[in-house]
Structure formats: C-alpha cells, structure tokens
Amino acid sequence: MIVTIDRDELRRAMASPCKIAKGQRDSHLACVLLTAKGDALAVEANDLEESCSTSVAALVEEEGQVLVSAKSLDSIVKSMSDGAVTVSGSDGSVSVSCGRASFDVPSLDPSDFPPFPAPEDGCSVTVAADSLAALVKACSWACADEGKGAGSGAGRTVEGVLVESGGGSLRLTGTDGLAMVRAKCDAPGVGEMRVPFPPGFLAAAAASCAGSDITLSASRNQLRASGPGVVITARGYSGEYPPVDRFFEGEENCSVRIGRASALDAARRAAVIPGSNPVTLGFDDSGATFVRASDRESMRETVDAEVSSPCEIGLNARCLVEVLACLGDGAVSISMQDPLKPFILRAGSTEALLMPVRLR
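If you're matching positions, the sequence shown starts at 1 in full-length UniProt numbering and goes up one per residue.
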C-alpha cells in the first residue's frame, strides 16, 4: 500500500477512529485499519461495542491495507510539519514520511481486524449535523453516567439521549433522575423515531459531519450515524426509554418570568458557597431571591422577576447553574406546582426540570 494525503486531512480522518482505538488493551482493537482504494483512504476502528469508518480523498499509488497502532500513528502524524504525508506498508511494517522526516512502525495482520458492522434495517432520520450538535450540547449534561442509568435500584433503565422525530421537528431528551432537559429544532420532512443514543456517540458523529447533513439509523441491535465520508456504529440500549411528557404537565400554582443572564449570574454566585446545601429560591413582589449558606459562609441576591404568587423552593446549586446555562438567551418562564414537585424552566426551544431538595 502506498498513499499520499495532506497532513491536516489525514488528522481529521483519523480523529474519531483513533479516539475509539486508543482506549483498548487488545493489540488488534488498539489499532486503526487503513485501506487505500481507488482515489480514497479509509480509516477504521472497532472496539466491538462502537465502530467508526471515515473516508477522505487521497492519491493512491498502490492499493492495499495496513493495521497499525492508533496511538503511534496519531503521535507521528501530529508531529509532522504541514504538507503531504505518504503512508506505505508492506508485510509487518508501515512507513510514514513527510518532507525529510520518516518513521517506521510495526504493523499487524489486517485479516485479524474485526469486520465493520453491516447496516441493518430500521428507522432513520436525516437532519443538519450542526442542529444536532446544538441539541446534544443542550441536554447531554443531564444524562446519567454511561452504564448506570437514571432512577434507583432495579429501576435504573433510563440511559442515553432520547432522540424523537416526527411532525416536522427533532427533539432530544436527557435525564439522570434529578434533572431533565428537552431541546428541539425544526426538521421538516423527517420520519418518525423514538430511540435512545449514547450522548458521546451523537456528539462525535455531529462533529464529524459538521456543516453537512447527518443520518441517524436505529435497528434492534445497532445504532448508526452516517454523513459525507463517515460512518459510526454502536450497540443499541436494551431497555425502553419511558414516557417523559407527564413530568412537564400539571397545573401550575406559581409562574415566574425572569431574565436568563441575571438569573444565571446569581446562580453561579450561589454555587460559589462550598458544601452540598441547596440554594433556596424565594419568589415574591420584590423578584427572585437566591439564598445559600454553609457553616461559615452565606450569600443572598435578589433579581428582578415577574411573579404571579409567592413561593419558595430548594434546588441543587450545580444543577441550577447547568440548566440555566443550557437554555436559550432571553426571558425564562418558570412554573411550579409546590415545593416538592418538579421545578420547570422554559426558554426558546428548550425546556428543563429540576427535582427539588426538601428545605429544613
């Protein structure tokens, strides 16, 4: 195999596959498979749970395949100066050169590399990758840690970011049982889907397809994201994502309208106080008052707000900062039923809820 490609193009093509391969202990899974064919170079990684294949235009002098350590190849290419990089491989060795610099590294047998998963029949939607990236950024922070799920005990079944489409829109939902965020965007003509995806998978796929459209596909066992020159797959979750609409329903007893920027600033100042004590939000004719205290420190700040009726609630300080940060700019609408029920915030195309903390 002999192929020549611009260094920056090669780095972009290697980025997602190398990220998958670098964390593997098995020698073959810690490698990337380079395939030179026609007028393109393909870079693949597969850890048996997640896989990625990228393709980029290249000058192919001799078609072939090499299997080389992702960590070594990534370090070598990063160290190269700008310009054309030539990768050539023969039995048991790979040569990487750019200008007057050249490296030789060992390679493994490409036939030992696990095959890239074949596509399966299922539902799919196509949206702008940049729109998807914005939705993932808004709600992924609220997702439970991978493998743990939300809830407690045997009820830990809510994993990933729920992707819902249909009716001309795309909506993503993330929750860890204490906070929940739903963000949506217009997506005319998309089909119907209701499937949870790993947040990291969606973020990586959207970044790889930035500026283009991305297609998300889901079958019983496989999740797939594809765009120009990139395909990423992962195993699907085994559990069903439960209905979440009901958490945002119910008759409100208190409504508040407050500027997002001023509320976020006050929440950040409240989070400066050390410890795990909640921040108390009091709403009355004077506005919204943020109060938080530890054994030795305390803070209090009142922010202008339109309040329908007096109410008070306790919230996790860190979560309040996160949820205000993920909302759109402008005014935030807040609704409450009572101090022990979800605290709901809405701004633009994003809505979120926080479970309250009981005040002593």
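For each residue, glycine too, the CB sits at the ideal point set by N, CA and C.
According to the DSSP assignment, Ser69 belongs to the beta strand (DSSP E) that extends over Gly64 to Ser69.
In the DSSP annotation of this structure, Leu34 is not part of any alpha helix (DSSP H); the continuous beta strand (DSSP E) holding it starts and ends at Cys31 to Lys37. Taking the Cα of Gly83 as reference, the smallest distance to any Cα among Gly99, Ile76 and Ala13 is reached at Gly99.
Per DSSP, Met1 lies in no alpha helix (DSSP H) segment and is marked neither H nor E. Between Val77 and Val105, the beta carbon gap of about 11 Å keeps them out of contact (Cβ cut-off 8 Å). In this structure, DSSP gives Leu132 a helical state, which the three-state scheme calls helix. In the structure shown, Ala218 falls within a strand segment according to DSSP collapsed to helix, strand and coil. Leaving aside the five residues that flank Val231 on each side, the residues in its chain whose CB is nearer than 6 Å to its CB run, in chain order, Ser53. In the three-state DSSP reduction, Val323 falls in the helix class (H, G or I). Met14: member of the alpha helix (DSSP H) spanning Arg7 to Ala21, first to last residue.
The shortest C-alpha to C-alpha distance from Ser219 to any of Asp121, Glu49 and Leu340 is the one to Asp121.
Shown here, Phe247 sits in a helix according to DSSP, grouped into three states. Counting of Cβ neighbours within 10 angstroms places Ser276 among the exposed residues, the total staying below 16. Here Asp112 carries a helix assignment [DSSP, helix/strand/coil]. Membership of Pro199 in the alpha helix (DSSP H) is indicated by the continuous run Pro199 to Ser208. CA-CA distance, Pro188 to Ser169, rounds to 6 Å. Between the beta-carbon of Val32 and that of Met14 there is about 7 Å, and that keeps the pair under the 8 Å contact cut. Within a 10 Å sphere around the beta-carbon of Gly227 sit 16 or more other beta-carbons, which makes this residue buried. Taking all protein chains shown into account, Arg292 has 16 or more neighbouring C-beta atoms within 10 Å of its C-beta and is therefore buried. With at least 16 other beta carbons inside 10 angstroms of its own, Asn46 counts as buried. Gly211 counts as exposed, since fewer than 16 other beta carbons sit within 10 angstroms of its beta carbon. For Arg269, there is no enclosing beta strand (DSSP E); the enclosing alpha helix (DSSP H) covers residues Arg260 to Ala271.
Residue pairing from DSSP places Glu312 in a beta bridge opposite Gly282.
One Cα belongs to Val66, the other to Val87, and the distance between them is close to 10 Å. Partner residues in the beta bridge of Asn46, as assigned by DSSP, are Ser51.
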